[in-house]
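Okay, so here's the structure we're looking at.
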Amino acid sequence: HLRVLTAAGARREASVVSTARVRCGVSRGHAEHLARRFGQRSGGWEVLHDLVTDPGEVPRASSPAGEPVVGHLSNLAPVKRLDRVVAAFARLRREAPTARLIVAGPLGGGPGRDVWELVAASGCAEAIEMVGAVARDRVPAFLAGLDVLLMPSDSETFGVAAAESLAQGTPVVATRTWGSVDVVGAGDG
Numbered sequence: 001h002l003r004v005l006t007a008a009g010a011r012r013e014a015s016v017v018s019t020a021r022v023r024c025g026v027s028r029g030h031a032e033h034l035a036r037r038f039g040q041r042s043g044g045w046e047v048l049h050d051l052v053t054d055p056g057e058v059p060r061a062s063s064p065a066g067e068p069v070v071g072h073l074s075n076l077a078p079v080k081r082l083d084r085v086v087a088a089f090a091r092l093r094r095e096a097p098t099a100r101l102i103v104a105g106p107l108g109g110g111p112g113r114d115v116w117e118l119v120a121a122s123g124c125a126e127a128i129e130m131v132g133a134v135a136r137d138r139v140p141a142f143l144a145g146l147d148v149l150l151m152p153s154d155s156e157t158f159g160v161a162a163a164e165s166l167a168q169g170t171p172v173v174a175t176r177t178w179g180s181v182d183v184v185g186a187g188d189g
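In structure tokens:
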């Protein structure tokens with residue numbers, strides 16, 4: 001859903017889209033957005049959801065002390081709204097003082113720099129664990145170790161982390177975005 005930055009690039013993009021035999025978005029909302037963006041009828045776009053591999057059997061993990069474990073997994077870009085995650089967690093801690101938050105995502109440079117400031121200002125930094133980026137083969141185990149995954153993004157074209165979390169049996173609480181409405185349903189959070 002990113003815009004092309006040059007006029008020549010935009011013309012090329014429009015040409016490719018107008019001559020394509022099949023046009024796809026990764027969620028219904030994404031397909032509708034692309035149809036509007038390129039001035040086409042929304043029924044002319046197919047939906048091809050991102051694929052989530054079967055992680056196989058990953059045992060559910062639980063906290064040794066039994067405290068609730070809340071998690072967030074993303075690239076930590078501002079659109080992922082980690083500020084909302086931290087604010088919601090700070091409110092949760094007032095009701096559940098033993099709760100822990102585990103944040104996974106690249107911490108070096110870029111958006112990851114701001115994460116440290118959010119955590120420090122939260123009033124509950126001692127309960128927030130920053131694990132950095134999680135290798136693809138470790139994502140299922142990370143998600144299986146959570147009681148709930150928070151995804152308060154402003155935008156998700158699909159929501160791979162939500163789909164992977166649900167595949168592990170971990171509930172998801174997400175904002176209403178293009179992708180989340182296709183992935184997260186009633187009772188999934």
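When you line the sequence shown up against UniProt numbering, it's residues 1 to 189, in that order.
From the three backbone atoms N, C-alpha and C, an ideal C-beta is built for every residue, glycine too.
Here the structure is a predicted model, which is why all the values come from computation and not from measurement.
Can you tell me which of 48, 27, 7, 15 puts its alpha carbon nearest to the alpha carbon of residue 39?
Ranking 48, 27, 7, 15 by Cα distance to residue 39 puts 15 first.
Kindly indicate the opening and closing residues of the alpha helix (DSSP H) around residue 32.
First-last of the alpha helix (DSSP H) with residue 32: 28-37.
Can you tell me the Cα-Cα spacing of residue 185 and residue 179, whole angstroms?
Spanning the two alpha carbons is a distance of roughly 11 Å.
Just reading off the alpha helix (DSSP H) that residue 129 is part of, what are its end residues?
That residue, residue 129, is in no alpha helix (DSSP H); its beta strand (DSSP E) goes 128-132.
Who are the near neighbours of residue 129 in its chain, counting only those whose CB is closer than 8 Å to its CB and skipping five residues on each side?
Result list for residue 129: 100, 101, 102, 103, in chain order.
Spatial neighbours of residue 94 within its chain, please: CB distance less than 7 Å, with the 5 preceding and 5 following residues excluded, ordered by chain position.
Cβ within range, chain order: n/a, list empty.
If you measure between the beta carbons of residue 87 and residue 124, is that distance less than 8 Å?
It is not a contact, given that the beta carbons lie outside the stated cut-off.
Which same chain residues end up closer than 8 Å to residue 116 when comparing Cβ atoms and leaving out the 5 residues on each side of it in sequence?
Around residue 116: 107, 130.
If I measure Cβ to Cβ from residue 73 and keep anything under 6 Å in the same chain, skipping five residues before and after, which residues do I get?
Within the same chain, residue 73 has close Cβ partners 104, 161.
Exposed or buried, which one is residue 81 when buried takes at least 16 other CB atoms within 10 Å?
Its Cβ being crowded by 16 or more others within 10 Å, residue 81 is buried.
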